[in-house]
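Chains as they are written, first to last, in this note's numbering: chain A, 2 to 246; chain B, 39 to 336.
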């Protein structure tokens with residue numbers, strides 16, 4: 002299994018996509034961090050530095066897309082044939098990809114949080130404010146890591162369910178931009194059970210309408226298992242034909 | 039040894055492989071011959087567990103591919119040459135496979151040198167020609183030093199030099215007592231390469247025909263165009279040669295060397311405007327073969 006996992010990670014490292022998306026995320030974090038510090042007064046900043054770590058969570062989009070590509074990209078380029086020739090047991094491949102997706106999400110979260118800190122600390126010092134990471138900030142950082150880790154797996158699960166890469170990525174964006182909001186309107190009191198709200202419960206500090214952190218983690222992981230399970234059983238297991246190019 | 043037993047694969051209403059059985063022995067190059075769409079690729083994909091059979095079985099050394107302990111070390115497969123991420127370098131592509139199969143990284147450089155890609159190893163596959171991609175696929179199949187090689191139309195996209203290299207490579211591979219099973223729809227390729235041949239058409243084994251017979255049929259006939267076509271027809275018939283008028287002024291002559299047709303025309307003082315050998319395509323040969331089998335059955 003460890004050999005398969007390192008092969009999956011090597012796949013990620015040997016194309017440019019990961020570096021491009023990580024660069025884009027760090028750029029977003031840079032802009033958001035500078036803006037957050039520049040637009041706040043020194044006294045506000047001394048009180049509340051949570052905003053420093055607010056931007057990295059936007060990386061879930063990138064991690065979801067990369068997770069999808071880990072799986073459906075193999076069908077897009079036909080590399081799945083060679084992957085399965087090395088490892089004909091498909092559930093092993095799926096499992097390795099889920100772990101690789103999780104590692105990817107975690108790495109993106111750590112990289113962008115460290116980047117926000119490296120950028121924010123000197124900026125705060127310039128404003129004459131001491132860096133003080135309170136519980137809320139620590140919670141946000143930990144939550145971001147958890148959410149991004151799970152999003153990497155959600156992407157892989159979705160890729161296992163939808164082989165067509167373009168379609169799978171369209172689903173990611175449609176979900177984030179439209180479906181999640183629609184579901185929240187429709188479900189009202191039960192809205193806390195949507196995937197987005199489950200993730201929100203992991204990262205959020207205000208649990209008024211949300212599940213507890215633990216329940217959020219459990220539900221989000223259940224979504225991972227559901228997607229990967231259904232995808233693995235009914236889609237990823239199908240015949241792999243030669244691709245026409 | 040590769041064993042295919044009563045294998046059937048159905049796609050919707052299409053029967054791609056129909057109750058197919060054959061065996062492939064080690065120590066020889068076995069050709070897998072059939073026209074395009076005969077079911078060769080489907081058979082090979084079932085054998086490699088990429089496609090699930092509707093019925094029957096396909097095994098390597100008595101086991102299904104997915105039950106092999108270390109597939110890469112037992113079987114090398116060369117399927118189509120398009121299976122690459124265009125943005126990944128050739129060497130990195132092999133490193134990924136080697137990593138997953140626990141093959142030491144130095145073996146990657148060995149197989150790159152073996153297929154003649156050492157100089158292009160760091161280039162991205164996007165910049166590779168079809169022939170280079172085919173070589174890279176072959177390099178991947180050799181990573182685990184397998185005893186069985188399965189190749190699906192490996193000559194596609196290879197330049198003449200590459201084809202010669204492949205032929206010699208497969209020959210020496212088989213001479214070491216290992217198994218080579220190579221599909222092709224090109225008769226001449228199989229004739230040059232294979233010691234034995236498995237011939238299929240429309241998903242079924244054509245067991246009553248030898249490669250020899252197919253080659254004989256593929257030679258086709260002789261086409262003669264003459265302003266004195268009626269006299270020529272008489273002269274040929276008198277000499278015991280079968281010929282038929284295919285269009286005004288054109289005769290198709292069967293089962294006769296082209297030289298003899300020319301000599302007969304000269305002996306009778308007949309003017310010829312055209313004298314040419316017409317090779318039949320494999321598709322035509324197979325169509326004719328199936329027609330004759332169906333007639334025999336009726």
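C-beta atoms are modelled at their ideal positions from N, C-alpha and C, and glycine is treated no differently.
When the cut-off is 9 Å and only beta carbons count, does residue 121(B) lie next to chain A? yes
The beta strand (DSSP E) spanning residue 213(A) covers which residue range? That residue, residue 213(A), is in no beta strand (DSSP E); it is neither H nor E in DSSP.
Skipping 5 residues on each side, what residues in its chain have a beta carbon closer than 7 Å to that of residue 60(B)? 42, 236, 243
So, under 8 Å CB-CB, residue 58(B) and residue 81(B) are touching, yes? Tell me the CB distance rounded to an integer number of Å. Right, the Cβ-Cβ distance comes to about 6 Å (below 8 Å), so this counts as a contact.
Under 9 Å between C-beta atoms of residue 229(A) and residue 158(A): yes
Could you tell me which uninterrupted beta strand (DSSP E) segments, each at least 3 residues in length, are contained entirely in the stretch 27-60 of chain A, listed from first to last along the chain? none
With H, G and I counted as helix, E and B as strand and the rest as coil, what does DSSP make of residue 46(B)? Note: residue 46(B) maps to strand in three-state DSSP.
Go ahead and pull the three-state DSSP assignment for residue 40(B). strand
At a cut of 8 Å, does the stretch 22-38 of chain A reach the stretch 86-100 of chain A through at least three beta carbon pairs? no
Under three-state DSSP, which class holds residue 140(B)? coil
Between the beta-carbon of residue 288(B) and the beta-carbon of residue 262(B), is there less than 9 Å? In this structure, residue 262(B) lies closer than 9 Å to residue 288(B) by Cβ.
If we call anything under 9 Å between Cβ atoms a contact, is residue 198(A) one with residue 100(A)? no
Near residue 127(B), which residues of its chain fall below 8 Å by C-beta distance, leaving aside the five closest residues on each side in sequence? A distance below 8 Å between beta-carbons, with the five flanking residues on each side excluded, links residue 127(B) to the following residues of its chain, in chain order: 159, 160, 161, 162, 163.
Buried or exposed for residue 121(B), please, with buried defined as at least 16 other CB atoms from any protein chain shown within 10 angstroms of its CB. By the neighbour-count rule (16 or more Cβ atoms within 10 Å), residue 121(B) is buried.
Grab me the residues of residue 214(A)'s own chain with a C-beta within less than 7 Å of its C-beta, minus the 5 sequence neighbours each way, in chain order. 202, 203
Please report the distance separating the alpha-carbon of residue 23(A) from that of residue 63(B). 52 Å
Helix, strand or coil: which one does DSSP assign to residue 242(B)? strand
Helix or strand or just coil, what does DSSP make of residue 102(B)? coil
From the beta carbon of residue 85(A), is the nearest beta carbon of chain B less than 9 Å away? Taking Cβ atoms only, chain B reaches closer than 9 Å to residue 85(A), which makes this a yes.
Can you find a C-beta in chain B that's less than 9 Å from the C-beta of residue 241(A)? yes
Select from 152(A), 13(A), 116(A) the residue whose C-alpha is nearest the C-alpha of residue 61(A). 152(A)
Integer Cβ distance of residue 260(B) from residue 296(B), believed to fall under 8 Å: 5 Å
Same chain, Cβ closer than 6 Å to residue 72(B), neighbours up to 5 away in sequence not counted: 78, 238, 239
How about residue 156(A) and residue 96(A): are their beta carbons less than 9 Å apart? no
Report buried or exposed for residue 252(B), applying the criterion of at least 16 other Cβ atoms within 10 angstroms of its Cβ. buried
Apply the 10 Å Cβ neighbour rule to residue 189(A) and answer buried if 16 or more other Cβ atoms are within range, or exposed otherwise. exposed
Quick check on the DSSP output: what are the complete beta strand (DSSP E) runs of length 3 or more inside the stretch 164-250 of chain B, in order along the chain? 186-190, 217-222, 234-239
Using the Cα positions of residue 309(B) and residue 230(B), report the straight-line distance between them to the nearest angstrom. Approximately 38 Å between the Cα atoms of the pair.
Once you ignore the five residues that flank residue 154(A) on each side, which residues in its own chain have a CB closer than 6 Å to its CB? 99, 102, 103, 225
Three-way DSSP call (helix, strand, coil) for residue 245(A) in this model: Because residue 245(A) carries a pLDDT of 47, less than 50, the predicted location of this residue cannot be relied on, and no value is offered for it.
Own chain partners of residue 150(A) with C-beta closer than 6 Å, once the 5 adjacent residues on each side are dropped: Cβ within range, chain order: 103, 106, 107.
So residue 1(A) and residue 132(B) are supposed to be a Cβ contact under 8 Å. How far apart are they, rounded? The structure shown does not extend to residue 1(A), since chain A is modelled only from 2 to 246, so the question has no answer here.
CA nearest to the CA of residue 176(B), picked from 165(B), 188(B), 166(B), 233(B): Selected option, being the one with the closest Cα: 188(B).
Apart from the five residues on each side of it in sequence, which residues of its chain come closer than 8 Å, Cβ to Cβ, to residue 193(A)? 199, 202, 210, 211, 212
Residue 221(A): which of 58(A), 42(A), 196(A) sits nearest, CA to CA? Nearest to residue 221(A) by alpha-carbon distance, out of 58(A), 42(A), 196(A), is 196(A).
Stretch pair the stretch 183-201 of chain B + the stretch 210-228 of chain B: three plus CB contacts closer than 8 Å: yes
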